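Working notes for the structure below.
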Amino acid sequence: MSDATPKMKMEPLAIVGAGCFFPGSEGFEAFWSFVKNGKDGITKIPASHWNPEDYFDKDPKFPDKVYSQTGGFISPVDFSPGDFGIAPNNLEATDTSQLLGLMAAKQALEHAGYQSGIGDPKPGLKPLDRSRASVILGVTGTLELVIPLGARLGHPRWRKALSKAGIDDATTQKIIDDISASYVPWQENSFPGLLGNVVAGRIANRFDFGGTNCVVDAACASSLGALHLAALELWSHRSDMVISGGVDTFNDIFMFMCFSKTPALSPTGHSRPFDAEGDGTVLGEGLGLFVLKRLSDAEKAGDNIIAVLRAVGTSSDGKGGAVYAPRAEGQMNALRAAYQEAGISPDSIDMVEAHGTGTKVGDATELSSLLKVFQESGKKGSWCAVGSIKSQIGHTKAAAGAA
Numbered sequence: 562m563s564d565a566t567p568k569m570k571m572e573p574l575a576i577v578g579a580g581c582f583f584p585g586s587e588g589f590e591a592f593w594s595f596v597k598n599g600k601d602g603i604t605k606i607p608a609s610h611w612n613p614e615d616y617f618d619k620d621p622k623f624p625d626k627v628y629s630q631t632g633g634f635i636s637p638v639d640f641s642p643g644d645f646g647i648a649p650n651n652l653e654a655t656d657t658s659q660l661l662g663l664m665a666a667k668q669a670l671e672h673a674g675y676q677s678g679i680g681d682p683k684p685g686l687k688p689l690d691r692s693r694a695s696v697i698l699g700v701t702g703t704l705e706l707v708i709p710l711g712a713r714l715g716h717p718r719w720r721k722a723l724s725k726a727g728i729d730d731a732t733t734q735k736i737i738d739d740i741s742a743s744y745v746p747w748q749e750n751s752f753p754g755l756l757g758n759v760v761a762g763r764i765a766n767r768f769d770f771g772g773t774n775c776v777v778d779a780a781c782a783s784s785l786g787a788l789h790l791a792a793l794e795l796w797s798h799r800s801d802m803v804i805s806g807g808v809d810t811f812n813d814i815f816m817f818m819c820f821s822k823t824p825a826l827s828p829t830g831h832s833r834p835f836d837a838e839g840d841g842t843v844l845g846e847g848l849g850l851f852v853l854k855r856l857s858d859a860e861k862a863g864d865n866i867i868a869v870l871r872a873v874g875t876s877s878d879g880k881g882g883a884v885y886a887p888r889a890e891g892q893m894n895a896l897r898a899a900y901q902e903a904g905i906s907p908d909s910i911d912m913v914e915a916h917g918t919g920t921k922v923g924d925a926t927e928l929s930s931l932l933k934v935f936q937e938s939g940k941k942g943s944w945c946a947v948g949s950i951k952s953q954i955g956h957t958k959a960a961a962g963a964a
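Using our numbering, the first residue of the sequence shown is number 562, and each one after it goes up by one.
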């Protein structure tokens with residue numbers, strides 16, 4: 562008797578629909594036009610996010626200050642809570658990622674030619690078997706709503722500091738009330754509203770999906786980690802359709818502080834992946850969701866096939882230097898696995914959409930990895946374009962792979 566585990570048949574997968582919100586564009590067609598026309602979505606920090614006068618200092622080491630005041634930001638969006646079964650008074654207790662995730666999922670399904678189930682049925686769109694539909698998204702563990710809700714809990718320290726300064730009780734209470742009013746109040750819906758996994762959970766709930774719903778946190782690789790699990794779901798025939806991709810709207814001062822103190826941000830405020838003048842990354846926000854099916858099923862259903870996914874290569878760096886320092890060996894292993902499983906030689910590739918954060922170490926490591934793997938295949942002297950969408954919209958973190 563053999564102990565060998567039967568190998569899963571990794572048939573090609575089809576992307577049949579997409580929905581997105583990224584800096585400078587809303588929806589798949591608008592985003593594609595934005596990319597093709599080389600538009601720039603990097604801007605100064607909008608007032609809706611944070612005030613540079615409060616937090617900016619050009620010295621990267623200045624305590625509690627950030628040295629960047631540019632980024633990629635989504636334009637304001639009109640959200641209709643009634644369409645998605647959310648009470649208007651629960652909106653402030655629901656993270657933006659969860660709300661925009663619902664809208665992008667609706668976009669993606671309808672772009673794929675299927676009834677979303679939200680609102681009245683649309684003519685010309687097909688029904689789908691929701692019991693065999695799943696949603697697997699790349700989402701980092703902490704959502705933006707955690708920050709203001711957590712900040713409210715500092716009131717005992719504020720009270721002690723004010724009391725120590727000789728402020729009377731009545732004035733102290735008024736000051737505490739004024740500070741607390743700056744933050745979202747806790748309510749019964751705050752807990753689900755701040756959870757990353759509920760980005761996928763709300764989609765499964767509102768669209769009546771009966772398959773798997775979960776999120777993957779692999780930091781900036783979260784979208785592609787989710788895509789890997791979505792592929793496994795389809796290859797194992799546990800699902801017939803999966804909405805996958807990445808969601809990241811966490812672009813407030815807390816996130817800028819994290820990247821400033823690493824430090825990884827561009828002091829000039831320009832995103833220049835693979836450029837000799839690249840001096841760091843620029844933060845962005847956004848979400849991109851895809852509708853995936855097995856290619857054979859998509860062809861049988863007459864779906865519009867946007868792209869074909871033939872393999873996913875994964876690896877870890879193992880024991881290296883700093884936990885966030887990239888290693889060429891790990892990247893090369895993932896590249897080799899992907900090309901081998903796809904049955905494609907790198908010497909046939911003439912365009913690579915890379916991670917390309919704009920940091921000197923990260924970009925140099927990535928280019929080195931690509932160069933070695935391509936040279937192994939015999940690709941010498943032939944042309945291959947290498948680029949990164951981060952030059953146009955910034956680094957969208959958990960949504961980077963989706964972009």
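All C-beta atoms, glycine included, are put in the ideal place defined by N, C-alpha and C. Treat the numbers as computed from the prediction; the structure is a model and nothing was measured.
According to DSSP, which residues form a beta bridge with residue i?
i       : result
Ile-866 : According to DSSP, which records beta bridges pairwise, Ile-866 is partnered with nothing at all.
Glu-518 : Examination of residue 518 is not possible in this model, given that the chain is present from 562 through 964 alone.
Arg-855 : Leu-574
Asn-774 : Val-696
Lys-605 : Thr-631
Thr-703 : Leu-756
Can you tell me whether residue i is buried or exposed? The criterion is at least 16 other CB atoms within 10 Å of its CB, across all chains shown.
i       : result
Ser-724 : exposed
His-956 : buried
Asp-625 : exposed
Ala-648 : exposed
Asn-894 : buried
Ala-959 : buried
Val-760 : buried
Ala-694 : buried
Met-912 : exposed
Glu-590 : exposed
Gln-953 : buried
Please identify the residue among the options whose C-alpha is closest to the C-alpha of residue i.
i       : options                            : result
Asp-690 : Met-802, Thr-631, Gly-632          : Met-802
Ala-961 : Gly-917, Gln-936, Leu-686, Phe-935 : Gly-917
Arg-763 : Trp-719, Ser-800, Asp-644, Ala-792 : Asp-644
Arg-720 : Asp-738, Leu-704, Glu-653          : Asp-738
Ile-661 : Lys-933, Ser-943, Glu-890, Gly-754 : With the sequence shown as reference, residue 661 is identified as Leu, and Ile is not the correct amino acid for it. For Leu-661, the nearest C-alpha among the options comes from Gly-754.
Gly-678 : Asp-769, Leu-652, Phe-592          : Asp-769
Lys-880 : Ala-872, Val-873, Leu-870, Gly-891 : Gly-891
Trp-611 : Ile-603, Val-596, Pro-621, Val-627 : Val-627
Asp-858 : Leu-848, Leu-663, Ala-765, Ser-800 : Ser-800
Ile-867 : Leu-853, Phe-815, Leu-848          : Leu-853
Thr-703 : Glu-587, Leu-793, Phe-815          : Phe-815
Arg-833 : Pro-688, Ile-603, Asp-681          : Ile-603
Asp-656 : Phe-835, Asp-809, Pro-688, Ser-586 : Asp-809
Ala-712 : Gln-901, Asn-758, Trp-747          : Trp-747
Phe-640 : Val-776, Asp-615, Met-664, Ser-586 : Met-664
For a test of the three-state rule: what should DSSP assign to residue i, helix, strand or coil?
i       : result
Arg-763 : helix
Ile-708 : helix
Met-562 : The predicted model places Met-562 with a pLDDT of 43, which falls under 50 and marks its position as unreliable; any figure quoted below should be read in that light. Here Met-562 sits in coil by DSSP.
Leu-788 : helix
Asp-769 : coil
Arg-720 : helix
Cys-819 : helix
Tyr-900 : helix
His-610 : coil
Gly-685 : coil
Ser-629 : coil
Thr-842 : strand
Asn-860 : Note on identity: in this sequence residue 860 is Glu, with Asn being the wrong assignment. Helix at Glu-860.
Lys-951 : helix
Rounded to whole angstroms, what's the CA-CA distance from residue i to residue j? Just pull it up for me.
i       : j       : result
Gly-699 : Phe-582 : 15 Å
Leu-850 : Thr-733 : 48 Å
Gly-599 : His-672 : 24 Å
Leu-788 : Ala-963 : 9 Å
Leu-706 : Phe-811 : 9 Å
Ser-658 : Met-569 : 34 Å
Gly-632 : Tyr-744 : 24 Å
Ser-929 : Asn-774 : 37 Å
Met-562 : Gly-580 : Low per-residue confidence applies at Met-562: pLDDT is 43, beneath 50, and the placement is therefore not dependable enough to give any value.
Ile-576 : Pro-824 : 36 Å
Met-571 : Leu-856 : 11 Å
Gly-674 : Ile-950 : 27 Å
Leu-710 : Asn-750 : 12 Å
Lys-619 : Val-638 : 32 Å
Asp-864 : Thr-920 : 40 Å
Ala-820 : Leu-826 : Looking at the sequence itself, residue 820 is Phe, so the reference to Ala does not match. For Phe-820 and Leu-826, the distance between alpha carbons rounds to 6 Å.
Gly-845 : Ser-938 : 35 Å
Phe-623 : Ile-736 : 28 Å
Ile-697 : Ser-784 : 9 Å
Ser-609 : Arg-767 : 28 Å
Asp-840 : Ala-925 : 12 Å
Glu-653 : Glu-860 : 43 Å
Do we get a CB-CB distance below 9 Å when we pair residue i with the residues of chain B?
i       : result
Gly-715 : The displayed structure is made up of one protein chain only, and chain B is not part of it.
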